[in-house]
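Chains as they are written, first to last, in my numbering: chain U, 1 to 225; chain A, 226 to 714.
The structure under discussion appears below in the form of structure tokens.
Listed below in structure tokens is the structure:
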């Protein structure tokens, strides 16, 4: 994907650029908000990665200006400002995701990937049934079937599977799952996600003796289609 | 409306210093007035009496000189009737009691000197023809009988000052001379003076009281305003200002002082806030860099990868501590109170169970839930979930496998009970402070901030955290309860 990075910390930026290029992305790097604004308006990017506290024009103002100019590129905020209020400010200004420093690179990778594909899925109409391999999730009826067999899932298990199936073949980090399924921006105990995932797996994988969701060590989990 | 308003306020008013002052002043006024009245009365009374006595003496002297000079009783005639100016009246009795002039009864001349005699004892009943000589033919004994009869009838009236006369009896050559003056002047004063003083006093007392009450009401309103403002400030709103228009009295000065203090506090809080924002940035950025370089080394496929992994774990742990500290600080500042929503403890506990039951069960323990009459409160759902999560996490650490952890919701109270060794009473308060660790858990994982976080969430919700033992003997089992009764809907 084509990415734009706004980050004034040279070391961090260097590392990010290296890492993202190694993952196969093409990335432009700027250190000043005004530069970011002009680049994002002139060129087409898949995802913008913006730091908030930068010289020139701060990240949130850049975003507001872009949205005012009808530039709808997905934006991921990368910031040391990690308060609940800060997060809310960023998302309300039009940001699509918010990652607090320090973060794991895999986290950034997974989220950028998730944002990038989103543009395309917006063009499709909102589905009522999610399918992946031989499993089906009916969103209207809140039911789950695999190979014709009805599987009984509780609310959280359903939402967990839904999150995976909306992001097929993409890595979902623990934090991403916590946010989407449990609406939590913190990790109350280290094993909330693991425990629920274990339950889910025992319902959708064990009876069928195979794996739908793979654990990617050091990164997260992935639903393989 | 005003009446009920007043009724509610009056007991409070009576405690107010302004009213107490007014009452004290009123009491002092009345006391002074009473004293002044008494003194005035005595002074005036004695002055008047002295004057009367002087006049009596003067008349007596003049008359006795005349008598001595002329040796004729007729010199007394003009004085026998009541004097137009002084009200004085004169009488005479000869030495042998054969001649009685004037309207006095005979026994007036019994004693020489000055005394007060009631009117009824002083005068004859004058419906007979008035001839001094004929008077003198009356027998003195008749008078006494008459007098005795009268006395019994008029006993009650002898105290009435209005009917008293002051009589001076002097001895002259030919007999006895009596000069009498009415005392009703004095009695007039004796009557009206206390009466008017009473009226003035009552009026003053009433005015002082009413005035005091009114002042009290006014200052109470101002005090209420100050109280309300201070409550808002204590609740976290430092923008409150009283701004008295022009300081006219010490209330206004007080308000000015409070405004100054609040402004300074606001400034300091602002400085602290920007300091903490900068701190966040200054701490997170190097942490981010450290993490990034550690990750880079680890991904290089180094043989020391495991060392880097461990270092990364530590970095993440530092970050978690920092994050929790920032959250706790944020809650202590009461920042998020205004974003409270209505929460049903029933729904909240269902959510908590949904989230944490799998975690507890996967760890080989059981979650037992007891929900009784759950209330609705105002609060921050995610903060409460996180707090209870912390308690459940602690409970898991302290409950042996195979045993159960209890989650209880009763009314506005949420409690988590474990099967551990409990916490001694002496340590219970300290355990809620950040970074405090019981000696035996110093090496266990965790940030040491779990309970401090719970405490901060409780503070934010004006709730109470209590630690108790479940059982009477070891293992005691710890029960941590959060009581949200202060935030009931």
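Just so you know, even glycine gets a beta-carbon here, dropped at the ideal spot from N, CA and C.
So, using beta-carbon positions, are residue i and residue j closer together than 9 angstroms?
| i | j | result |
| --- | --- | --- |
| residue 158 of chain U | residue 223 of chain U | no |
| residue 327 of chain A | residue 342 of chain A | no |
| residue 706 of chain A | residue 633 of chain A | yes |
| residue 41 of chain U | residue 66 of chain U | yes |
| residue 173 of chain U | residue 220 of chain U | yes |
| residue 269 of chain A | residue 481 of chain A | no |
| residue 464 of chain A | residue 184 of chain U | no |
| residue 17 of chain U | residue 47 of chain U | no |
| residue 604 of chain A | residue 686 of chain A | yes |
| residue 551 of chain A | residue 600 of chain A | no |
| residue 318 of chain A | residue 400 of chain A | yes |
| residue 700 of chain A | residue 644 of chain A | yes |
| residue 27 of chain U | residue 4 of chain U | yes |
| residue 330 of chain A | residue 305 of chain A | no |
| residue 429 of chain A | residue 258 of chain A | yes |
Taking all protein chains shown into account, decide if residue i is buried (16 or more other Cβ within 10 angstroms of its Cβ) or exposed.
| i | result |
| --- | --- |
| residue 432 of chain A | exposed |
| residue 92 of chain U | exposed |
| residue 14 of chain U | exposed |
| residue 210 of chain U | exposed |
| residue 362 of chain A | Low local confidence applies: a pLDDT of 43 at residue 362 of chain A is under 50, so the model's placement there is unreliable, and no value is given. |
| residue 583 of chain A | buried |
| residue 131 of chain U | exposed |
| residue 453 of chain A | exposed |
| residue 556 of chain A | buried |
| residue 563 of chain A | exposed |
| residue 711 of chain A | exposed |
| residue 107 of chain U | buried |
| residue 499 of chain A | exposed |
| residue 43 of chain U | exposed |
| residue 141 of chain U | exposed |
| residue 333 of chain A | buried |
| residue 407 of chain A | buried |
| residue 37 of chain U | buried |
| residue 161 of chain U | buried |
| residue 175 of chain U | buried |
Answer with yes or no whether the minimum CB distance from residue i to chain B is below 9 angstroms.
| i | result |
| --- | --- |
| residue 555 of chain A | Chain labels in this structure do not include chain B; the protein chains are U and A. |
Hey, quick one: how far does the alpha helix (DSSP H) through residue i stretch, first residue to last?
| i | result |
| --- | --- |
| residue 680 of chain A | 675-685 |
| residue 708 of chain A | No alpha helix (DSSP H) contains residue 708 of chain A, which is instead part of the beta strand (DSSP E) from 703-708. |
| residue 471 of chain A | No alpha helix (DSSP H) contains residue 471 of chain A, which DSSP labels as neither H nor E. |
| residue 552 of chain A | 530-557 |
| residue 316 of chain A | Counting along the chain, residue 316 of chain A falls outside any alpha helix (DSSP H), though it belongs to the beta strand (DSSP E) covering 314-319. |
| residue 648 of chain A | It is not in any alpha helix (DSSP H) - residue 648 of chain A carries neither H nor E in the DSSP assignment. |
| residue 70 of chain U | First-last for residue 70 of chain U: undefined, no H or E at that position. |
| residue 324 of chain A | Where residue 324 of chain A is concerned, there is no enclosing alpha helix (DSSP H), given that its DSSP letter is neither H nor E. |
Check for me: the beta strand (DSSP E) holding residue i runs from which residue to which?
| i | result |
| --- | --- |
| residue 25 of chain U | From DSSP, residue 25 of chain U is part of no beta strand (DSSP E); its letter is neither H nor E. |
| residue 397 of chain A | 389-397 |
| residue 693 of chain A | 689-694 |
| residue 340 of chain A | 338-343 |
| residue 403 of chain A | 400-407 |
| residue 591 of chain A | 591-597 |
| residue 630 of chain A | 629-635 |
Per DSSP, which one or two residues make a beta bridge with residue i?
| i | result |
| --- | --- |
| residue 136 of chain U | U:131, U:145 |
| residue 97 of chain U | U:76 |
| residue 282 of chain A | DSSP, once it has assigned bridges, lists no residue as partnering residue 282 of chain A. |
| residue 51 of chain U | U:78 |
| residue 214 of chain U | U:222 |
| residue 431 of chain A | BP columns for residue 431 of chain A are empty, so no partner. |
| residue 348 of chain A | A:329 |
| residue 2 of chain U | U:26 |
| residue 603 of chain A | A:567 |
| residue 713 of chain A | A:602 |
| residue 640 of chain A | A:633, A:706 |
Please confirm whether any heavy atom of the ligand GTP lies closer than 8 angstroms to the CB of residue i.
| i | result |
| --- | --- |
| residue 598 of chain A | Here there are no bound small molecules, and the ligand GTP is not part of this structure. |
Using 8 angstroms as the Cβ pair cut-off and three pairs as the minimum, do the region 442-461 of chain A and the region 274-293 of chain A touch?
no
- prompt: Any contact of the region 436-454 of chain A with the region 252-263 of chain A, i.e. 3+ C-beta pairs under 8 angstroms?
  reply: no
Q | contact_flag[the region 180-194 of chain U, the region 577-596 of chain A] where n(CB pairs < 8 angstroms) is 3 or more | A | yes
* Can we say the region 678-686 of chain A touches the region 610-623 of chain A, given the rule of at least three CB pairs closer than 8 angstroms? -> yes
Report task. Specify whether the region 515-526 of chain A and the region 98-108 of chain U touch according to this definition: at least 3 beta carbon pairs, one from each stretch, less than 8 angstroms apart. Result -> yes
The region 542-550 of chain A touching the region 131-148 of chain U, judged by at least three CB pairs closer than 8 angstroms: Judged by Cβ distances under 8 angstroms, the region 542-550 of chain A makes no contact with the region 131-148 of chain U, as fewer than three pairs qualify.
- Would you call the region 691-701 of chain A and the region 637-652 of chain A in contact, with 3 or more CB pairs under 8 angstroms? yes
_With a threshold of 8 angstroms, are at least 3 pairs of Cβ atoms found where one atom belongs to the region 504-512 of chain A and the other to the region 79-93 of chain U?_
yes
With three or more beta-carbon pairs closer than 8 angstroms as the criterion, would you say the region 195-211 of chain U touches the region 589-599 of chain A? No: fewer than three Cβ pairs fall under 8 angstroms.
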